[in-house]
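The next block holds one structure in the form of structure tokens; read it before the comments.
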Amino acid sequence: MFSTLLAVVIGDFISIFGVRYAHRLDLKKAKSEQENEIEALIQSIKDEIETLREIYIESVGKTLEELEDEKPFKYYFIVTQEYFTVYSSNAGKIGMIENHELRKSIIKAYSAGRSMIDTYNANNDIMRTYDHNNWLFNITNNSAFKNEAEYNLQRLSEYSTGLKGKHDSFIEAVNTLLSNIEKFNT
């Protein structure tokens, strides 16, 4: 009887040990899969932000950088779609990045990018008004439209300073993010 009871107790102990061991293995595997997913996400963010920075600099950023201070930025930069696809589709996973500095720099870079786009859109609105008033003046020769166009040109000059500031903030945030990704990967 004692030997049967002992066999049952040992069997139960081995079963419990086996279940706990299997559970630990499952947790370890899940953690490893999550780490791999986070690493892939970070690499995708790096690729996306580098690509967007290159496209932006080549399309309009270089023109803005070369613009003299207090000169109007008389160009349209139209953003008609969501370019931050990796960030937007994985926003919930960014919180899973344990490195606070990296996580914060990701959010800061994308926020700076969106803020810069908003500033370009506002500049585009002023440009439209400027172009419209110039067009009306050329058609009607009404000095009120000329005065309004000159006012909008002055607004564009003042606004270019803010636009350059947003540009600089975006480039700085992107460079910080890329530096933090490099630190994370080493």
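Residue numbering for the sequence shown follows numbering that gives the first Met the number 0, beginning at 0 and increasing consecutively.
Beta carbons: idealized from backbone N, C-alpha and C, even for Gly.
Neighbourhood of residue i by C-beta, 6 Å cutoff - its chain only, sequence neighbours within 5 removed
| i | result |
| --- | --- |
| Tyr-86 | Tyr-109 |
| Glu-147 | Asn-132 |
| Asn-89 | Leu-40 |
| Ser-104 | Thr-175, Leu-176, Asn-179 |
Backbone CA spacing between residue i and residue j [nearest angstrom]
| i | j | result |
| --- | --- | --- |
| Asn-141 | Ile-77 | 30 Å |
| Asn-98 | Thr-84 | 22 Å |
| Glu-36 | Ile-93 | 11 Å |
| Gln-33 | Ile-48 | 22 Å |
| Thr-118 | Lys-165 | 7 Å |
| Ile-15 | Arg-23 | 12 Å |
| Trp-134 | Asn-151 | 13 Å |
| Glu-181 | Lys-28 | 26 Å |
| Val-59 | Glu-53 | 10 Å |
| Gln-153 | Asn-120 | 17 Å |
| Ile-13 | Gly-91 | 40 Å |
Other residues of its chain near residue i: CB distance less than 8 Å, five sequence neighbours each side excluded
| i | result |
| --- | --- |
| Leu-155 | Pro-71, Phe-72, Lys-73, Asn-122, Ile-125, Met-126, Tyr-129 |
Cβ-based neighbour list, residue i, same chain, cut-off 7 Å, excluding 5 preceding and 5 following
| i | result |
| --- | --- |
| Phe-183 | Ile-41, Asn-98, Leu-101 |
| Phe-136 | Phe-144, Lys-145, Ala-148 |
| Ser-43 | Val-85 |
| Thr-62 | Tyr-74 |
Candidates the options: closest to residue i by CA position
| i | options | result |
| --- | --- | --- |
| Asn-179 | Ile-96, Ser-58, Glu-65 | Ile-96 |
| Lys-163 | Leu-177, Trp-134, Glu-64, Glu-171 | Glu-64 |
| Thr-175 | Ile-106, Met-115, Ser-88, Gly-91 | Ile-106 |
| Gln-80 | Arg-113, Leu-177, Glu-53 | Arg-113 |
| Leu-177 | Glu-67, Lys-45, Ile-13 | Lys-45 |
| Ser-168 | Gln-153, Val-59, Ser-58, Met-115 | Met-115 |
| Thr-185 | Lys-28, Asn-120, Gly-91, Glu-38 | Glu-38 |
| Glu-67 | Glu-157, Ser-88, Glu-171 | Glu-157 |
| Val-173 | Gly-91, Tyr-55, Ile-13 | Tyr-55 |
Pair within 8 Å by beta-carbon distance, residue i and residue j
| i | j | result |
| --- | --- | --- |
| Tyr-75 | Leu-51 | no |
| Thr-160 | Glu-69 | yes |
Alpha helix (DSSP H) segment containing residue i, residue limits
| i | result |
| --- | --- |
| Gly-161 | 142–184 |
| Asn-122 | 99–139 |
| Ser-88 | 84–88 |
| Lys-61 | 61–65 |
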